[in-house]
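Number of protein chains: 2
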Amino acid sequence: MAYSAINLAQKFGLFQEQWTPKVIAEMNDYQFKIVRLEGDFLWHDHPATDEAFFVLEGALRIDFRDGAVTLGPGELFVVPKGVEHKPFAEREVKLMLIEPRGVKNTGEEASERTAPNDVWI
Amino acid sequence: MAYSAINLAQKFGLFQEQWTPKVIAEMNDYQFKIVRLEGDFLWHDHPATDEAFFVLEGALRIDFRDGAVTLGPGELFVVPKGVEHKPFAEREVKLMLIEPRGVKNTGEEASERTAPNDVWI
Chain A
1 MAYSAINLAQ KFGLFQEQWT PKVIAEMNDY QFKIVRLEGD FLWHDHPATD
51 EAFFVLEGAL RIDFRDGAVT LGPGELFVVP KGVEHKPFAE REVKLMLIEP
101 RGVKNTGEEA SERTAPNDVW I
Chain B
1001 MAYSAINLAQ KFGLFQEQWT PKVIAEMNDY QFKIVRLEGD FLWHDHPATD
1051 EAFFVLEGAL RIDFRDGAVT LGPGELFVVP KGVEHKPFAE REVKLMLIEP
1101 RGVKNTGEEA SERTAPNDVW I
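Chain order of the listed sequences is A and B.
Position 50, counted from 1, in the first sequence is what the numbering used here calls 50; the numbers after and before it change by one each time, with no gaps.
Position 92, counted from 1, in the second sequence is what the numbering used here calls 1092; the numbers after and before it change by one each time, with no gaps.
As structure tokens, this is what we get:
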């Protein structure tokens, strides 16, 4: 059988649009997604699940109601379930998200930032 | 509150031993682990879960009974549950594993490669 590695840089080369996570792999009922972000997201939380952020290129700040964390390339952060957060990137950042299948990017908030779910690339 | 990014390079600087996965973060009941591998592992499978491999430095070959895949930096592969596999690295490779808490590195096989579980760094 032919087995293929999933190359993140190659996958990022297939799209330019921001704020639209693309699924690149699944592990049980979890998904690996890649996304380009730039600018300000909205405050939201995910009541049922933690959410992992892993930065590949650029810098991502995640604001919390009582603090913030900034991630650079090769840095990981897991936002605990139910914790309000707001991602922000001054310049475009490329990152990988890991979370259960079916999690909406904006949590329960509907907005222009709400992206279609389960889009593979 | 003080929030801190988890820097993988910094975490790798804290240990040199090979074949001993270290937990760096949890997401729900899943764990992110980093490990240094060099040489040959043993054939095994994980009957109950998929297992994700993400290479940070070096090259990892994963042999299957009917093929193989080689991962370089920035490449991801998810080994499906129940599929026999054998990791191999000609030179030391640094990688991140993502899998449910409690998964043994050697599956059901006991060997000198069986590592203690749930060791944080």
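By construction, the Cβ of each residue, glycine as well, lies at the ideal position given by its N, Cα and C atoms.
Predicted, not measured: the structure shown is a model, and the values here were computed from it.
Measuring alpha carbon to alpha carbon, tell me which residue in A:P80, A:V119, A:I98 and A:G107 is nearest Q31 (chain A). Against the first sequence, residue 31 (chain A) aligns to sequence position 31. Measuring from the Cα of Q31 (chain A), the nearest candidate turns out to be A:I98.
Taking Cβ-Cβ distances shorter than 9 Å, what residues in chain B pair up with D50 (chain A)? On the first sequence, position 50 is the one that residue 50 (chain A) refers to. By Cβ distance, chain B contributes E1026, M1027, N1028 and Y1030.
Confirm, please, whether the CB-CB distance from P1116 (chain B) to K1081 (chain B) is below 8 Å. As a first step, residue 1081 (chain B) must be located in the second sequence, where it is residue number 81. As a first step, residue 1116 (chain B) must be located in the second sequence, where it is residue number 116. Taking 8 Å as the Cβ cut-off, K1081 (chain B) and P1116 (chain B) do not qualify as a contacting pair.
In the structure shown, what three-state DSSP assignment does L1042 (chain B) receive? Numbered from its first residue, the second sequence carries residue 1042 (chain B) at position 42. L1042 (chain B): coil per DSSP, three-state reduction.
So E26 (chain A) packs on V1078 (chain B), CB below 8 Å; how close in whole Å? Numbered from its first residue, the first sequence carries residue 26 (chain A) at position 26. Numbered from its first residue, the second sequence carries residue 1078 (chain B) at position 78. Yes, they are in contact, since the Cβ atoms of E26 (chain A) and V1078 (chain B) sit about 7 Å apart, within 8 Å.
Quick one: which chain B residues come within Cβ less than 8 Å of F88 (chain A)? Working through the first sequence from its first residue, we reach residue 88 (chain A) at position 88. Residues of chain B passing the Cβ test: none, with the nearest at roughly 14 Å.
Return helix, strand or coil for Q16 (chain A), following the three-state DSSP convention. Residue mapping note: residue 16 (chain A) aligns to position 16 of the first sequence, counting from 1. In the three-state reduction of the DSSP assignment, Q16 (chain A) falls in the coil class.
Using the C-alpha atoms, what's the distance from H1044 (chain B) back to L1076 (chain B)? For this step, residue 1076 (chain B) is matched to residue 76 along the second sequence. For this step, residue 1044 (chain B) is matched to residue 44 along the second sequence. The straight-line gap separating the alpha-carbon atoms of L1076 (chain B) and H1044 (chain B) is approximately 19 Å.
Beta-carbon separation (whole angstroms), G67 (chain A) vs M1001 (chain B), contact threshold 8 Å: Here residue 67 (chain A) is taken as the residue at index 67 of the first sequence, counted from 1. Here residue 1001 (chain B) is taken as the residue at index 1 of the second sequence, counted from 1. Taking C-beta atoms under 8 Å as the contact rule, G67 (chain A) and M1001 (chain B) qualify, at a distance of about 5 Å.
Please go through the same chain and pick out, in chain order, the residues whose beta-carbon is closer than 8 Å to the beta-carbon of K11 (chain A), but skip the five residues on each side of it. On the first sequence, position 11 is the one that residue 11 (chain A) refers to. Cβ neighbours of K11 (chain A) beyond the five flanking positions: K22, I24, I34 and I121.
Please confirm if N7 (chain A) has its CB atom under 8 Å from at least one CB of chain B. Counting from one through the first sequence, the residue named residue 7 (chain A) turns up at place 7. Closer than 8 Å to some Cβ of chain B, the Cβ of N7 (chain A) qualifies, so yes.
DSSP state of A1110 (chain B) mapped onto helix, strand, coil: What you label residue 1110 (chain B) is simply residue 110 of the second sequence in a count that begins at 1. Correct three-state label for A1110 (chain B): coil.
Using the Cα positions of Q18 (chain A) and G39 (chain A), report the straight-line distance between them to the nearest angstrom. As a working note, residue 18 (chain A) is residue 18 in the first sequence. As a working note, residue 39 (chain A) is residue 39 in the first sequence. When rounded, the distance between both Cα atoms is 10 Å.
In terms of DSSP beta bridges, what is T1070 (chain B) paired with? Start at 1 with the first residue of the second sequence, and residue 1070 (chain B) comes out as number 70. Answer is B:R1061.
Quick one: residues in its chain with C-beta nearer than 7 Å to the C-beta of P87 (chain A), no 5 flanking neighbours on either side, listed in chain order? Translated into the one-based positions of the first sequence, residue 87 (chain A) becomes position 87. Hits under 7 Å: L37, F41, L60 and I62.
I6 (chain A): which of B:D1118, B:V1119 and B:T1070 sits nearest, CA to CA? Walking along the first sequence from the start, residue 6 (chain A) turns up at place 6. Looking at the Cα atoms, B:T1070 is the closest of the given residues.
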